[in-house]
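Residue numbers 1174 to 1268, in the working numbering, belong to the letters of the sequence shown in order.
Note that beta-carbon positions come from the ideal geometry of N, C-alpha and C, so glycine has one too.
Just so we're clear, the structure is a prediction, and the values are computed from it rather than from any experiment.
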Amino acid sequence: MHKPCIYFEWDKFHLEAQNENVLSIFSFLGELGYEWAIIYDNFGNLLCTISTSDTQNLALLMKYTKISNCNIFYYDVLLFHSISDCEEYLRYKGV
1174 MHKPCIYFEW
1184 DKFHLEAQNE
1194 NVLSIFSFLG
1204 ELGYEWAIIY
1214 DNFGNLLCTI
1224 STSDTQNLAL
1234 LMKYTKISNC
1244 NIFYYDVLLF
1254 HSISDCEEYL
1264 RYKGV
């Protein structure tokens, strides 16, 4: 069974402009088996590894884009099916 990674740009302003819930993508993809995410800022800096079910901290990340003085407007998200796949990727990248 193939379990490809998913990489996407997570942008609060674009989602809200289309009346989308900014967290709904994580519950949707979580139901498809994507349990872990690596979050990068829009400059490519690694910020965190987080469970797709951790809606409290995901919401805090989105809130930060609104108040950020660091010009963080969106995040790049890399999703995995398991924490072991996520950890393997980070080891490969030397993180």
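Query, Result
"Own chain partners of Leu1202 with C-beta closer than 8 Å, once the 5 adjacent residues on each side are dropped", "Ile1179, Thr1225 and Leu1252"
"Whole-Å CB distance - Val1268 paired with Leu1231, under 8 Å assumed", "Not a contact, Cβ separation roughly 20 Å."
"Test item: CB-CB of Glu1182 and Asp1249 under 8 Å", "yes"
"Within 8 Å, strictly: CB atoms of Asn1215 and Tyr1247", "yes"
"For Ser1255 and Pro1177, the rounded distance between their alpha carbons", "11 Å"
"Nearest neighbour of Cys1221, chosen from Leu1196, Tyr1265 and Ala1210 [CA to CA]", "Ala1210"
"Closest residue to Leu1205 among His1187, Lys1266 and His1175 (Cα-Cα distance)", "His1175"
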